[in-house]
Every structure is written in C-alpha cells, then in structure tokens.
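Asks:
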Amino acid sequence: MPTKSLATQDYQAFADFLQNQCGIVLGDNKQYLVRSRLGPLMEAHHATMADLVREAMRPSGSALKTQVIEAMTTNETFWFRDGYPFELLKNEVLPEFSQPNRRVRIWSAACSTGQEPYSLSISLQEYRRKNPGRLVQGAEILATDLSSQVLEQAQRGEYDALAMARGLSEPRKQFFECLGEGRMRVKPEVRQGITFRQHNLLESYLLLGRFDIIFCRNVLIYFSPENKQKILRQFAAALNPGGYLFLGASESIANLSDDFEMCRYPAGILYRKR
Ligand SMILES: C[S@@+](CC[C@H](N)C(=O)[O-])C[C@H]1O[C@@H](n2cnc3c(N)ncnc32)[C@H](O)[C@@H]1O
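Take the sequence shown: its position 168, counting from 1, is numbered 165 in our numbering, and each next residue is one higher.
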C-alpha cells in the first residue's frame, strides 16, 4: 500500500476539503506538495498519508484538522515586502487620512509571522516623525491570519538572524531590541496599536469593524476566482469611502470586482474603493 501518497479519489476529496475550509486551491498533480507539507505530521502521528487526511476530514472536527490545514498554508513573508506598498502608503495614502481628529484603521489580512503589520507600524512611525502634527491620533492595526501557529510567532515579535536579514535595512533596526545571537524583538512602541486575531478570509468580516486601508498581499493568489470575488466584495464593504486596498505585486482584481478604481503610480498599483 502506498503510504506517502494519496489515491486519486482521496487526493480529490482532500483538495475539495482544503478549498472549502480555507480557500486554497491545490490543483492537479500536487501530490509532492501534500507529501512535503504533511510529512512531519505523518511522522508525528505514525500515520499513512491517507489515514492522516481521512482523520482530518472527519466532520466531527479535531485538532488534527487545524494542524493539517495550517500545514498546507504558505507562510512566506519578509520585512517591507516589495518596498513600494510602504512607500505609497507614506507618500500617497496617509496624507489623505491626516485630519487631526482621525485615527486611521489598517487591516493586515493574512499577516503570517508579523513582518507585514510591524512594517506597517514602522512606516507609520516614520511618517509621523517626518510630518509632525500629522496622524496625532495614531493608528490601529488589526493583524489577522488563518493560522494560529504563525499568529503566536507574530504576537511574540521575536525574530532570528535569518528573518532579520530579509528586507530590513540597518537604520530600521532601531525599532528592535537585541536579544543576542542575532535575535531581535520589536520594541513596544512598534507593537503598540497592533491587535492580533485569528480570522479566516472565507468567513464574515462584520465583527472586524471598518477600515481605511486593507493590506491583503500574497494570499488571494492561492484562491479560486469565485472566492476572490467574494473576498473583494467583503473588502469593499469593510472599507470606509475612499479607502485603499493593497494587493500583492502579482495579484490583480481585473474582471473580479467593480467596487475599486485602479490607482497607478510609477512605483506600483493600488486600489481605491469607489
Ligand atoms: C504568503 S503569506 C503572505 C503574508 C504577507 N501578507 C506577505 O505578503 O508577506 C499567506 C498567508 O495567508 C494565510 N492564509 C491562507 N489562507 C487563509 C485564509 N483563508 N484566511 C486567512 N489567512 C489565510 C496563511 O496562513 C499565510 O500566513
């Protein structure tokens, strides 16, 4: 009996399960991906792949279900990813939200291990230092992800030398304190104003409140057009009038939503709620 791969029927059932639970489209012939992602769980549970997946898919639900879904997510992230979104935020978007009595609300949807919301918080600090008297009420950042594992790491705000070397310039290390052996922790003033919370983008957004800016970068790329449309509709409803949506550099809403106008800048593209 093959222990490290799934029969075609089991593979299809698992792909459907994954898409229903978290939106991720597995596609055909990704047995190698399932094998590499679920390998450690198979070992830990002394289970064949088929048994592991069948147990996770049982309707009663279990801790294993969560572990399997989380293991299938891609959590790649780094500081100030792609650069331009954070520059456009400071140069084009924040000046629009700088009325004295206004507290800006930003949502980092699918924040992974925290580099995105902390990069946002650092950008806000840089903006305020450069523009005294602006954003005096500060900002609130809601950082959410499906995976409680990455959220725990995000909330700790501690990063090893390898993670610190990815995208963070030397001057920006002033926003961290050293823990030794290259490890660093974000300073309280960077963490302040960020709330971490588990949230599945396929579920309702009503309890999250409304936002001025949504960062949802490098996650919709894994979803079906139908789920992308549903999520974009919910983003439009969650944004205040004139609010901005930042997507990943290779993501687009073309043919998926009429709720946003595209704002083109030399550095990159943003979407503004109509
Ligand atoms: C590739 S990371 C992107 C992180 C960050 N936004 C960036 O651009 O660097 C994708 C994240 O999306 C999360 N994710 C996947 N499906 C999700 C869902 N249905 N709801 C919320 N988050 C999800 C994963 O757990 C993962 O942390």
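Even for Gly, the Cβ is constructed at its ideal location relative to N, Cα and C. Remember, it's a predicted structure, so these values are computed and weren't measured experimentally.
Would you call the region 203 to 223 in contact with the region 243 to 260, where contact means no fewer than 3 C-beta pairs closer than 8 angstroms?
Replies: Contact holds: three or more Cβ-Cβ distances are below 8 angstroms.
Asks: Whole angstroms are fine: how far does the CA of VAL22 sit from the CA of LYS225?
Replies: One C-alpha to the other measures close to 11 angstroms.
Asks: In its own chain, which residues sit with a C-beta less than 6 angstroms from the C-beta of GLN294, not counting the 5 before and 5 after it?
Replies: For the chain, the structure presents residues -2 to 271; residue 294 sits outside this window and is missing.
Asks: My output table needs one value for GLU67: the three-state DSSP class, helix, strand or coil.
Replies: Looking at GLU67 - three-state DSSP - the assignment turns out to be helix.
Asks: Quick one, are the C-beta atoms of ILE103 and ASP209 less than 8 angstroms apart?
Replies: The answer is yes: Cβ separation under 8 angstroms.
Asks: Nearest-angstrom Cα distance between GLY36 and LEU61?
Replies: Spanning the two alpha carbons is a distance of roughly 14 angstroms.
Asks: Within the continuous beta strand (DSSP E) that includes SER105, where are the two ends?
Replies: Taken as a continuous stretch (DSSP letters only), the beta strand (DSSP E) holding SER105 covers 101 to 106.
Asks: How would you call ASP255, buried or exposed, if buried means at least 16 neighbouring beta carbons within 10 angstroms?
Replies: When all chains shown are included, ASP255 counts as exposed.
Asks: Look at LEU229 and LYS270 and say whether their C-beta atoms are less than 8 angstroms apart.
Replies: Not in contact: LEU229 and LYS270 (Cβ atoms no closer than 8 angstroms).
Asks: What residue ranges within the region 106 to 131 form continuous beta strand (DSSP E) runs of no fewer than 3 residues, ordered along the chain?
Replies: Listed in chain order, nothing qualifies, since the region 106 to 131 has no complete beta strand (DSSP E) run of 3 or more residues.
Asks: Please return the same chain residues whose Cβ sits closer than 7 angstroms to the Cβ of MET259, not counting the five positions on each side in sequence.
Replies: Cβ neighbours of MET259 beyond the five flanking positions: ILE266 and TYR268.
Asks: Note down the Cα distance separating SER201 from GLU149, rounded to an integer number of angstroms.
Replies: Rounded to the nearest angstrom, the two C-alpha atoms are 22 angstroms apart.
Asks: Under a three-way DSSP split, which group does VAL147 fall into?
Replies: In this structure, VAL147 counts as helix in the three-state DSSP scheme.
Asks: Using the three-state DSSP reduction, which class does THR0 fall into: helix, strand or coil?
Replies: THR0 falls in the coil class under three-state DSSP.
Asks: Which residues mark the beginning and the end of the alpha helix (DSSP H) in which TYR29 is found?
Replies: Unbroken alpha helix (DSSP H) run through TYR29: 28 to 42.
Asks: Closer than 8 angstroms is the cut-off here; do at least three beta carbon pairs connect the region 137 to 146 with the region 159 to 172?
Replies: In short, these stretches do not touch, since the Cβ pair count stays below three.
Asks: Consider the C-beta atom of VAL216 and the heavy atoms of ligand 1; say whether any pair is separated by less than 7 angstroms.
Replies: For ligand 1, at least one heavy atom lies less than 7 angstroms from the Cβ of VAL216.
Asks: Is DSSP giving ILE211 helix, strand or coil here?
Replies: Here ILE211 sits in strand by DSSP.
Asks: For ligand 1, I want to know if ASN17 counts as a neighbour, meaning its beta carbon is within less than 7 angstroms of at least one of the ligand's heavy atoms.
Replies: No, since every heavy atom of ligand 1 falls outside the 7 angstroms radius drawn around the Cβ of ASN17.
Asks: Got a sec? Which residues, its chain only, sit under 6 angstroms from THR141 by beta carbon, not counting five neighbours each side?
Replies: Answer for THR141: ALA106, ARG194 and HIS196, listed in chain order.
Asks: Using only the alpha-carbon positions, how far apart do ALA234 and LEU205 sit?
Replies: Roughly 11 angstroms between the two C-alpha positions.
Asks: For the beta strand (DSSP E) that contains MET259, what are its first and last residues?
Replies: Counting along the chain, the beta strand (DSSP E) containing MET259 begins and ends at 257 to 261.
Asks: Mark MET(-2) as exposed unless 16 or more other C-beta atoms lie within 10 angstroms of its C-beta, in which case mark it buried.
Replies: In this predicted model, MET(-2) has a pLDDT of only 42, less than 50, meaning its place in the structure is not dependable enough to derive any value.
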